[in-house]
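A.B. asks: Quick one: structure below, then a few questions.
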Amino acid sequence: MFSSCLNSTDEGELDYSPDAQIYSFSMASRADTTNVLSTTVFTIDQVNGKIFNKKPLPYKFHVDSVVLNIRGASTFSPFTNVSIELLPEYTISWSQSDSINVSRLNRITTTAPDGKNKKTYQFQLNIYQQDPYILSWKKVSESYFPQEVSQQKTVAFNDFFITYYIANETINAKASPIGDAKSWTSATLSGLPPTTQLSTMTVAENDIFVIEEDSTLFKSSDGVSWTQVTTEFPIVAIYGVFPSATKGDILAIINDNGILKLAETDDFTNLQIMELSSGVNLSDLPVKDFTATQIESTTSFGIRYIAIAGGIRADNSYNSDIWILQEKDSKIFELNSKKPGTISLDGSSIFFYDEKPYLLLASSENNILLYSGNNGTEWKTTEENQALPSDFDYRKNATVITENDNIWIFGGVSKAQVQITDVWKGRLNKFDLN
2 MFSSCLNSTD
12 EGELDYSPDA
22 QIYSFSMASR
32 ADTTNVLSTT
42 VFTIDQVNGK
52 IFNKKPLPYK
62 FHVDSVVLNI
72 RGASTFSPFT
82 NVSIELLPEY
92 TISWSQSDSI
102 NVSRLNRITT
112 TAPDGKNKKT
122 YQFQLNIYQQ
132 DPYILSWKKV
142 SESYFPQEVS
152 QQKTVAFNDF
162 FITYYIANET
172 INAKASPIGD
182 AKSWTSATLS
192 GLPPTTQLST
202 MTVAENDIFV
212 IEEDSTLFKS
222 SDGVSWTQVT
232 TEFPIVAIYG
242 VFPSATKGDI
252 LAIINDNGIL
262 KLAETDDFTN
272 LQIMELSSGV
282 NLSDLPVKDF
292 TATQIESTTS
302 FGIRYIAIAG
312 GIRADNSYNS
322 DIWILQEKDS
332 KIFELNSKKP
342 GTISLDGSSI
352 FFYDEKPYLL
362 LASSENNILL
372 YSGNNGTEWK
382 TTEENQALPS
392 DFDYRKNATV
402 ITENDNIWIF
412 GGVSKAQVQI
422 TDVWKGRLNK
432 FDLN
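Numbering of the sequence shown is given in my numbering, commencing with residue 2 and proceeding in unit increments.
Structure follows, in structure tokens:
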């Protein structure tokens, strides 16, 4: 025997771990037909002895019993014992196959493999107690600039909302701290001609850019003082900034001796003509009166798009499509986007909120919201819990800005072609329940 060769007759003793900590925790239930529980991530707070789910389970979620999966540091050396305390004051010794009434689960106490050390965890299952997907709306400002204006556009820049408007052939501006939109102060502008197309105003990094009627470009680093930018080609349209892990590039349409082309640039001092994939027909893209937004996923690096909706093409026809553009291998690709065929994009506003693109549309009688759960490829009308309020006046061409989990809707044009001068704020209930 080996023990004889080693000149020993003592049998080795196993060294059992004193670690009583839980390192893996999950649960499942046969009643959970949508697999909500099995995909729920539980946080194990070793310092404070707590197990809980940071992201609450859906509103009204309920199952009677669950099967727990509890693991320690090693599957080869399991806990000596796991006891489960159920409310009110009832403790059982747990085994893997036990069904537990999760609504009564209060504490979990583990005994380390050495049979000595113990650790107790307080358990909490978080479930939304209110519908988290209610969009609550309120009007925060009204008549904050003269109604007798011909154009208006609001941007978020340098910690301010800035509303630009043209009245009496003069461009004016009012500013309010971002998040407020109640108190507005007038700003004296310089350098912008009255023929500026306010709908083209685009924020990119540390500057605002805007196009004049003859395709001349202007920029401002403070939102007040504007200077003309000398460009290699006339700028026809600006679609926005491609989302990027570093500094994104501005996507624009330029006029190269009568031929429209897509180009990318950092600041318009240099323009890189972009090659188009076979699916992109540039003549179908809108060049004015459109809205655009970034689509960027926090969970997938590859989802970094610019979405464009509505507007008018170079041949003065209406754009009835939603364009999802992606930059890949120095080419511009289009992703197919399907919307309900009866929907008109005339005067629509596209924006990105709660990890989803939304559309503010003007139907025949009122405004409605659409959203896409798959990054713009398919669209649905929102449920009643996200409908706009009954006193929200019908409008087209509104500016929509999202910040700090809020949706801000600025102005627009009424059915009577009158400029609307109010501000609405929307917010999902879930951001106040967490």
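Note that CB positions come from ideal geometry on N, CA and C, so glycine has one too.
No experiment lies behind these values; they were computed from the predicted model shown.
According to DSSP, is Ser39 part of a helix, a strand, or is it coil?
C.D. replies: If DSSP states are grouped into helix, strand and coil, Ser39 belongs with the helices.
A.B. asks: Go to Phe432, then tell me how far its alpha helix (DSSP H) extends in each direction, as first and last residue.
C.D. replies: First-last of the alpha helix (DSSP H) with Phe432: 431-434.
A.B. asks: DSSP has Pro147 in a bridge; who is on the other side?
C.D. replies: None, per the DSSP bridge assignment.
A.B. asks: If you run the structure through DSSP and keep just helix, strand and coil, what is Arg105?
C.D. replies: Note: Arg105 maps to helix in three-state DSSP.
A.B. asks: Going by other Cβ atoms of all chains shown within 10 Å of its Cβ, with 16 needed for buried, is Leu7 buried or exposed?
C.D. replies: With a pLDDT of 39 at Leu7, under the threshold of 50, the predicted position of this residue should be treated as unreliable, though the coordinate-derived value follows. Label assigned to Leu7: exposed.
A.B. asks: My assumption, with CB atoms under 8 Å, is that Tyr17 sits in contact with Ser78. Please give the rounded CB distance.
C.D. replies: Indeed, because the Cβ distance is near 7 Å, the residues count as touching under 8 Å.
A.B. asks: For Asn127, report the span of its beta strand (DSSP E) as first-last.
C.D. replies: First-last for Asn127: undefined, no H or E at that position.
A.B. asks: Mind the definition here: the stretch 325-334 touches the stretch 396-405 only if three or more C-beta pairs lie below 8 Å; say whether that holds.
C.D. replies: Counting Cβ pairs under 8 Å, fewer than three are found: no touch.
A.B. asks: Roughly how many angstroms separate the alpha carbons of Thr299 and Glu356, rounded to a whole number?
C.D. replies: Approximately 8 Å between the Cα atoms of the pair.
A.B. asks: I'd like the span of the beta strand (DSSP E) that includes Gly412, first residue to last.
C.D. replies: That run of the beta strand (DSSP E) goes 407-414.
A.B. asks: Buried or exposed: Asp423, going by 16 or more other Cβ atoms within 10 Å of its Cβ?
C.D. replies: Buried is the call here.
A.B. asks: Which residues in the same chain as Asp20 place their Cβ atom closer than 6 Å to its Cβ, once the five residues preceding and following it in sequence are excluded?
C.D. replies: Taken in chain order, the residues that qualify are Ala74, Ala113.
A.B. asks: From Gly180 to Ala29, what distance separates their C-alpha atoms?
C.D. replies: In a straight line, the C-alpha of Gly180 is about 42 Å away from that of Ala29.
A.B. asks: Would you be able to state if there are at least three C-beta pairs under 8 Å between the stretch 154-164 and the stretch 223-234?
C.D. replies: Result yes; three or more Cβ-Cβ pairs closer than 8 Å.
A.B. asks: Report all residues from its chain with a CB closer than 8 Å to the CB of Leu434; omit the five preceding and five following residues, and keep chain order.
C.D. replies: Within the same chain, Leu434 has close Cβ partners Pro57, Tyr129, Gln130, Gln131, Pro133.
A.B. asks: For Glu385, name the three-state secondary structure that DSSP assigns.
C.D. replies: Helix.
A.B. asks: Using a Cβ-Cβ cutoff of less than 6 Å, which residues in the same chain neighbour Gln152 once the five nearest sequence positions on both sides are dropped?
C.D. replies: Excluding positions up to five away in sequence, the list reads Ile167, Leu199.
A.B. asks: Asn405 and Ile1 - do their beta-carbons sit closer together than 7 Å?
C.D. replies: There is no way to answer for residue 1, as the model of the chain reaches only from 2 to 435.
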